[in-house]
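If you read the protein sequences in the order shown, they are chains A and B.
Following numbering that gives the first Met the number 0, the numbering of the first sequence begins with 0 at its first residue and continues without gaps.
Following numbering that gives the first Met the number 0, the numbering of the second sequence begins with 0 at its first residue and continues without gaps.
Where a beta carbon is used, it is the ideal one built from N, C-alpha and C, also for glycine.
Written below as structure tokens is the structure these notes are about.
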Amino acid sequence: MSFGHTFRHGIHPEEHKEATVGLASERMPFVERYVLPLSQHAGAPSRPVVQVGERVTRGQQIAESVGFISTALHASVEGRVVAIAPRPHPSGKLVPAIEIAADPYSPQRLLAGVALDPFGLSHESFVGELQLAGLVGLGGAAFPTHVKYRVPEGKKIERLMVNGCECEPFLTSDHRLMLERTADVVRGAEIAAHHLGAREVVFGVEENKPDAIAALSALLSRPIAGRAAMRVMSLAVKYPQGAEKMLIRAVWGEEVPSGKLPLDLGIVVNNVATMAAIADWFDRRQPLIERLVTVAGPGVRRPANLLVPLGTTVRAVLEHCGGLDEATREVILGGPMMGTPLASLDVPIVKGTSGLLAFTDAEARLPAEYTCIKCGRCVEACPQFLNPSRLGRLARAGRFEEMVGYHATDCVECGSCSFACPSGIPIVQLIRVAKGALREQAAAAAAQPPANPEAKK
Amino acid sequence: MSGAADPRLVVHPAPFLHPQVSTPRIMGDVLIALAPALAAGLWFFGLSALLVVLAATAACVATEWALAGRAQLSDLSAVVTGILVGLILPPSLPLWMAALCGFVAIALGKVVWGGLGNNLFNPALVGRAFMQAAFPIALTTWVPPQGLLALYRGNLALPFLHAPADAVTAATPLGQMKFLAVATPLTDLFWGNVSGSIGETSAAAILLGGLYLLARRAFDWRLPAGMLGAAALLAEIIHQVHPEKYPGALFTLLSGGLLLGAVFMASDPVTSPVSPLGAWIFAAGAGVLVVLIRFWGGLPEGVMYAILLMNSASPLIDRALQPRRFGSRPVKEPR
Numbered sequence: 000m001s002f003g004h005t006f007r008h009g010i011h012p013e014e015h016k017e018a019t020v021g022l023a024s025e026r027m028p029f030v031e032r033y034v035l036p037l038s039q040h041a042g043a044p045s046r047p048v049v050q051v052g053e054r055v056t057r058g059q060q061i062a063e064s065v066g067f068i069s070t071a072l073h074a075s076v077e078g079r080v081v082a083i084a085p086r087p088h089p090s091g092k093l094v095p096a097i098e099i100a101a102d103p104y105s106p107q108r109l110l111a112g113v114a115l116d117p118f119g120l121s122h123e124s125f126v127g128e129l130q131l132a133g134l135v136g137l138g139g140a141a142f143p144t145h146v147k148y149r150v151p152e153g154k155k156i157e158r159l160m161v162n163g164c165e166c167e168p169f170l171t172s173d174h175r176l177m178l179e180r181t182a183d184v185v186r187g188a189e190i191a192a193h194h195l196g197a198r199e200v201v202f203g204v205e206e207n208k209p210d211a212i213a214a215l216s217a218l219l220s221r222p223i224a225g226r227a228a229m230r231v232m233s234l235a236v237k238y239p240q241g242a243e244k245m246l247i248r249a250v251w252g253e254e255v256p257s258g259k260l261p262l263d264l265g266i267v268v269n270n271v272a273t274m275a276a277i278a279d280w281f282d283r284r285q286p287l288i289e290r291l292v293t294v295a296g297p298g299v300r301r302p303a304n305l306l307v308p309l310g311t312t313v314r315a316v317l318e319h320c321g322g323l324d325e326a327t328r329e330v331i332l333g334g335p336m337m338g339t340p341l342a343s344l345d346v347p348i349v350k351g352t353s354g355l356l357a358f359t360d361a362e363a364r365l366p367a368e369y370t371c372i373k374c375g376r377c378v379e380a381c382p383q384f385l386n387p388s389r390l391g392r393l394a395r396a397g398r399f400e401e402m403v404g405y406h407a408t409d410c411v412e413c414g415s416c417s418f419a420c421p422s423g424i425p426i427v428q429l430i431r432v433a434k435g436a437l438r439e440q441a442a443a444a445a446a447q448p449p450a451n452p453e454a455k456k
Numbered sequence: 000m001s002g003a004a005d006p007r008l009v010v011h012p013a014p015f016l017h018p019q020v021s022t023p024r025i026m027g028d029v030l031i032a033l034a035p036a037l038a039a040g041l042w043f044f045g046l047s048a049l050l051v052v053l054a055a056t057a058a059c060v061a062t063e064w065a066l067a068g069r070a071q072l073s074d075l076s077a078v079v080t081g082i083l084v085g086l087i088l089p090p091s092l093p094l095w096m097a098a099l100c101g102f103v104a105i106a107l108g109k110v111v112w113g114g115l116g117n118n119l120f121n122p123a124l125v126g127r128a129f130m131q132a133a134f135p136i137a138l139t140t141w142v143p144p145q146g147l148l149a150l151y152r153g154n155l156a157l158p159f160l161h162a163p164a165d166a167v168t169a170a171t172p173l174g175q176m177k178f179l180a181v182a183t184p185l186t187d188l189f190w191g192n193v194s195g196s197i198g199e200t201s202a203a204a205i206l207l208g209g210l211y212l213l214a215r216r217a218f219d220w221r222l223p224a225g226m227l228g229a230a231a232l233l234a235e236i237i238h239q240v241h242p243e244k245y246p247g248a249l250f251t252l253l254s255g256g257l258l259l260g261a262v263f264m265a266s267d268p269v270t271s272p273v274s275p276l277g278a279w280i281f282a283a284g285a286g287v288l289v290v291l292i293r294f295w296g297g298l299p300e301g302v303m304y305a306i307l308l309m310n311s312a313s314p315l316i317d318r319a320l321q322p323r324r325f326g327s328r329p330v331k332e333p334r
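See below:
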């Protein structure tokens, strides 16, 4: 039991990081085909700027932003565009994608430019550069990074939180990145802090990564004139500490008000991998075309931390890792608490993919379900201080409107309640379904103003 | 590039890691925790204790099977209720009454509410309260502990016939205190060598079970702690004012069914509030009621009614004390 900084509530799942934490990252070899969905980020899908049949270079932009909450997309490989058509997507749907056949004889050199001095840029052009680089939050949510850097009128950012928690079990890619690319992480944070005007930068890292904490501390120990105050904070190991509101609570003891953003407290939270990607763009002119992915789980024969070009299919990655074990029943993109289950192995690795996990029968079997005995374990697990037991009961009864009164919309869907429930009730899924139904109702109500405005408050 | 679903794969929603604790395991832990109290009951009240507990448990399991279906037995809650029913009955009780108590506990205490998780009152106490109202004499006829081979004649009475009276009866320590102003030595109360319900006499055995539940984190410790704490505190205050008339904290804690009720019945998650603050209020209320009933009520013991009364308040407490959602605290001024 640790008494380090942390948030209240949460859970302690087994970490399962030992299989990959010691594995240095390696480059995934280039394969024949790449599928780059136009929607790999939160917001409007990108618009293709290449034609079918066109040759593209590695690092060349192939799709552009549509509007502000959208971002660019680049070729992760040199080759030829063979299709712009719906392709399997991690969401389980077919989503428009640019498919590239790799040039087998290409040396796959990056379309490089001259390094750009980020400190000489105006704030506006810095935000534009981030959008041009196709940067999104690499922690999993894939929210376009530049949006966080366009600070609204009247708000002032004073603190930058660099998220190195990696609280999801099994995943070690951020850990490896902090070890192997420490200087780039810090460099990215310097650039980010400069343009945000932040005077305080904190790297939040859980204490199960002492080597990463030491590596970062070594680089930050000397204060540099003109640089924001930077420090590493070691945090107790707990899930979901990487959720930005929990992280802010853990580091500064402040609660982001319900319905508000970290921005409202003058804070921006970014993942460590996003920081390194910022450095990649300005120092090497490398846009977001590859990312570090932890490939692990009992169904993977050769676990690894792989630097995977975006668009590589899950099938190709798993083949590179020795193929799937016969007993594999579940393949997941992301972590085991909040990841996405896959029905097809033809889904590509996308910008938000932090992990690729394969689980066998033993893990995939659902727990037997019993009735809720109101033991309160979910209440003590919920980092948002909700009453999941009550929410689950209401959801199961279809009483969605009542759930609003119990703050269902504050749920961050971290899954701690389901994990804690001894009765095996899929609480977070019940809440997700209810939230979806409530959103649809709200959308329908907005589209069709009620005939009698008195009818509903 | 087919994109077709892979037939090997199943798709469940996240999370993909599952709970390490299951409801049957929690119930199993409660059963293990009940073992010392049951053993003490057998030690002091012999075969009679065994027969009463068996009759109650068999009736509970049979009732659950008949009314709720066989699948419902797998959560083990009927067995827990059955043993608890047995432990809160007098050792010389006619066996048919023990069985009837078990039937009422499950049928009226649980099944009519919609089964486990939906009942308002603790099922074992519902059964006990029913019996107390229906057969007040039998439920308050106490015998002295007679050791492992004890077999009280009262057990063998046939339904609705006059029970063959036991030659020797003995008031419980609470009865002696209330009506005769005789205090039982605390060591006897601690080890359990006194008359009373089968499972309530040995404080040592109940505490052992409670410690096990605590170590296994199988219950909310606030519930027993709050109930015992409130009862002890209130009793001690009153004792300080009227030392000759009212017993102090230790006697209050060790006598009667307070320990058994606090550790195994007030801690029933189904019938107690979910939130931590609610648990404190519920437990403190139960503890205060126990002392009020014991000191100024008509009965020598008040644990059963104290818990049942607080059970009825539990949904209200839960409704009033929803957890404070994250981010609802007033924010300090931006720096």
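Contacts that residue i makes with chain A (C-beta to C-beta distance below 8 Å)
i               : result
Ile25 (chain B) : Ile372, Cys374 and Pro421
Buried or exposed by the 16-neighbour rule on C-beta atoms within 10 Å, applied to residue i
i                : result
Ser73 (chain B)  : exposed
Leu287 (chain A) : buried
Lys498 (chain A) : A query on residue 498 (chain A) cannot be resolved here, the shown segment of chain A reaching from 0 to 456 and no further.
Met0 (chain A)   : With a pLDDT of 42 at Met0 (chain A), under the threshold of 50, the modelled position of that residue is not reliable, and no figure is offered here.
Ser196 (chain B) : buried
Ala96 (chain A)  : buried
His11 (chain A)  : exposed
Lys456 (chain A) : Low confidence applies here, because Lys456 (chain A) scores a pLDDT of 43, under 50, leaving its location unreliable; read the following figure in that light. Label assigned to Lys456 (chain A): exposed.
Ala445 (chain A) : exposed
Ala128 (chain B) : buried
Glu332 (chain B) : Here Glu332 (chain B) scores only 47 on pLDDT, less than 50, and its place in the model is too uncertain to base an answer on.
Phe218 (chain B) : buried
Pro222 (chain A) : exposed
C-beta atoms of residue i and residue j nearer than 7 Å
i                : j                : result
Met232 (chain A) : Gly203 (chain A) : yes
Val150 (chain A) : Thr144 (chain A) : no
Leu253 (chain B) : Ala202 (chain B) : yes
Ile426 (chain A) : Ser417 (chain A) : yes
Arg328 (chain A) : Ala363 (chain A) : yes
Arg198 (chain A) : Ala227 (chain A) : yes
Ala13 (chain B)  : Met245 (chain A) : no
Ala248 (chain B) : Ala224 (chain B) : no
Gln59 (chain A)  : Leu93 (chain A)  : no
Pick from the options that is closest to residue i, judged by C-alpha positions
i                : options                                   : result
Glu205 (chain A) : A:Gln130, A:Arg149 and A:Glu14            : A:Glu14
Gly146 (chain B) : B:Ser327, B:Ala182 and B:Leu49            : B:Leu49
Ser311 (chain B) : B:Leu33, B:Gly108, B:Val290 and B:Leu207  : B:Gly108
Leu185 (chain B) : B:Gly255, B:Gly27 and B:Ser327            : B:Gly255
Thr56 (chain A)  : A:Glu63, A:His193 and A:Asp102            : A:Asp102
Leu124 (chain B) : B:Lys177, B:Thr183 and B:Ser266           : B:Ser266
His88 (chain A)  : A:Ala446, A:Lys155, A:Gly414 and A:Ser343 : A:Ser343
Val181 (chain B) : B:Thr171, B:Ala319 and B:Val20            : B:Thr171
Ser216 (chain A) : A:Ala394, A:Thr273 and A:Val201           : A:Val201
Lys154 (chain A) : A:Cys413, A:Val267, A:Arg395 and A:Ala443 : A:Val267
Thr311 (chain A) : A:Leu22, A:Thr5 and A:Leu35               : A:Leu35
Ala97 (chain B)  : B:Thr62, B:Arg152, B:Val52 and B:Gly114   : B:Val52
Ala18 (chain A)  : A:Phe169, A:Gly163 and A:Val51            : A:Phe169
Gly42 (chain A)  : A:Glu254, A:Val51 and A:Ala71             : A:Ala71
Chain B contact residues for residue i, given Cβ-Cβ distances below 9 Å
i                : result
Pro340 (chain A) : Leu8, Val9, Val10, His11, Pro12, Ala13 and Phe15
Glu254 (chain A) : Phe325, Gly326, Ser327, Arg328 and Val330
Within chain A, partners of residue i - CB distance below 7 Å
i                : result
Thr22 (chain B)  : Tyr369, Ile372, Pro421 and Ser422
Ala4 (chain B)   : Ala342 and Ser343
Pro144 (chain B) : Those within 7 Å of Pro144 (chain B) in chain A number zero; the least Cβ separation is about 34 Å.
Interface partners of residue i on chain A, CB under 9 Å
i                : result
Ala285 (chain B) : Neighbours of Ala285 (chain B) on chain A: none; closest Cβ ~17 Å, over 9 Å.
Asp28 (chain B)  : Under the 9 Å cutoff, chain A gives no residues; its nearest Cβ is about 11 Å from Asp28 (chain B).
Contact set between residue i and chain B, taken where Cβ atoms lie within less than 8 Å
i                : result
Pro405 (chain A) : The residue asked about is misnamed: residue 405 (chain A) is Tyr in this sequence, not Pro. Those within 8 Å of Tyr405 (chain A) in chain B are Gln321.
Pro47 (chain A)  : Those within 8 Å of Pro47 (chain A) in chain B number zero; the least Cβ separation is about 18 Å.
Asn386 (chain A) : Val273, Ser274, Gln321 and Pro322
Problem - 4 or more residues per run - each alpha helix (DSSP H) lying fully within the segment 200 to 269 of chain A - result: Complete alpha helix (DSSP H) runs here, min 4: 209 to 219 and 243 to 251.
Problem - alpha helix (DSSP H) runs wholly inside the segment 218 to 298 of chain B, at least 4 long, in chain order - result: Whole alpha helix (DSSP H) segments, 4+ residues: 221 to 240, 248 to 253 and 275 to 295.
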